[in-house]
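Undergrad: Just so you know, we're using the UniProt record's numbering here: the sequence shown kicks off at 1 and counts up by one. A single structure is presented below for examination.
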Amino acid sequence: MGRSRHCSEEQRTLIKKLIGEGKTYKEVQKIIGCSAKMISNASKWRAKPETRGRKRKTTIKMDRRITRMAKAQPMISSRMIKDSLELPVSTVTVRRRLCEANLFTRIPRKVPLLKKRHVQKRLQFAKEHINWPKEKWRNILWTDESKVVLLGTWAAKVCHKIAKPMLFFH
1 MGRSRHCSEE QRTLIKKLIG EGKTYKEVQK IIGCSAKMIS NASKWRAKPE
51 TRGRKRKTTI KMDRRITRMA KAQPMISSRM IKDSLELPVS TVTVRRRLCE
101 ANLFTRIPRK VPLLKKRHVQ KRLQFAKEHI NWPKEKWRNI LWTDESKVVL
151 LGTWAAKVCH KIAKPMLFFH
């Protein structure tokens with residue numbers, strides 16, 4: 001036996017009304033032209049809630065305010081957004097809402113700050129070497145303290161095995 005078709009909203013309300021009036025399943029079957037099982041299911045049917053899981057802490061309006069603030073100030077943190085908008089949620093929730101809006105986190109690169117002793121050492125080096133001739137200065141390789149690879153990683157490994165490592169002045 002095949003599956004029966006589903007009841008429409010109008011049929012369900014009509015079935016509930018007829019059963020409420022005291023009609024039997026046989027009488028409702030003749031009026032509507034459906035099976036007893038469909039009548040039974042329609043009388044027990046209840047609307048299910050739209051969403052599943054935990055109820056959202058933020059409203060759609062709050063979500064829009066969070067994304068608007070993040071777009072206006074891209075370097076603002078989730079804690080600052082939460083505090084300035086006075087939201088009753090955690091910073092993790094704010095970050096989640098930003099991810100839902102395709103605004104993923106970006107961490108600014110950390111640059112080491114120069115301390116007073118660094119500045120003094122640099123100044124002392126400059127004062128000590130101020131009278132050097134140009135030929136000596138040309139022998140120094142100046143870097144920004146980043147990794148320098150002259151020949152590639154494989155060549156560095158080979159050179160390290162064959163010869164002594166190169167020395168740089170700085």
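Glycine residues also receive a C-beta, built at the ideal position from the N, C-alpha and C atoms.
Kindly provide the ranges of any alpha helix (DSSP H) runs that are 4 or more residues long and lie completely inside the region 77–114, ordered along the chain.
TA: List check, alpha helix (DSSP H) in window: 78–85 and 91–100.
Undergrad: List the endpoints of the continuous alpha helix (DSSP H) containing I66.
TA: Within the sequence shown, the letter at position 66 stands for residue 66. Boundaries of the alpha helix (DSSP H) around I66: I60 to A72.
Undergrad: Kindly indicate the opening and closing residues of the alpha helix (DSSP H) around L141.
TA: Mapped onto the sequence shown, residue 141 falls at position 141. No alpha helix (DSSP H) contains L141, which DSSP labels as neither H nor E.
Undergrad: Is it the case that the region 43–60 contacts the region 68–75, given that we only count it when at least three CB pairs across the two stretches are under 8 angstroms?
TA: no
Undergrad: Rounding to the nearest angstrom, what Cα-Cα distance links S40 and R96 in this structure?
TA: As a working mapping, residue 40 is identified with position 40 in the sequence shown. As a working mapping, residue 96 is identified with position 96 in the sequence shown. Distance between S40 and R96, taken at the CA atoms: about 44 angstroms.
Undergrad: With a threshold of 7 angstroms on Cβ separation, who are the neighbours of R79 within its own chain once the five nearest residues in sequence on each side are excluded?
TA: Translated into the one-based positions of the sequence shown, residue 79 becomes position 79. If we look at R79 and ignore the five residues flanking it on each side, its Cβ neighbours are T91.
Undergrad: Quick check on I39: does DSSP put it in helix, strand or coil?
TA: For the purposes of this step, residue 39 is taken as residue 39 along the sequence shown, with counting starting at 1. Secondary structure at I39: helix, using DSSP grouped into helix, strand and coil.
Undergrad: When burial is assigned at 16 or more other CB atoms within 10 Å of the CB, is K26 buried or exposed?
TA: For this step, residue 26 is matched to residue 26 along the sequence shown. K26 should be labelled exposed.
Undergrad: Do K57 and T93 have their CB atoms nearer than 9 angstroms?
TA: Along the sequence shown, one-based indexing puts residue 57 at 57. Along the sequence shown, one-based indexing puts residue 93 at 93. The beta carbons of K57 and T93 sit closer together than 9 angstroms.
Undergrad: What separation, rounded to the nearest whole angstrom, lies between the Cα atoms of E86 and P112?
TA: As a position in the sequence shown, residue 86 is number 86, starting the count at 1. As a position in the sequence shown, residue 112 is number 112, starting the count at 1. Near 33 angstroms, if we compare the C-alpha coordinates of P112 and E86.
Undergrad: Ignore the nearest five residues each way along the sequence and tell me which others in residue 181's own chain have a CB closer than 7 angstroms to its CB.
TA: Lying outside 1 to 170, the shown extent of the chain, residue 181 is not represented and no answer is given.
Undergrad: For S84 and G53, I'd like the C-alpha separation in whole angstroms.
TA: To locate residue 84, count along the sequence shown from 1; it is residue 84. To locate residue 53, count along the sequence shown from 1; it is residue 53. Using only the alpha carbons, I get a separation of about 29 angstroms.
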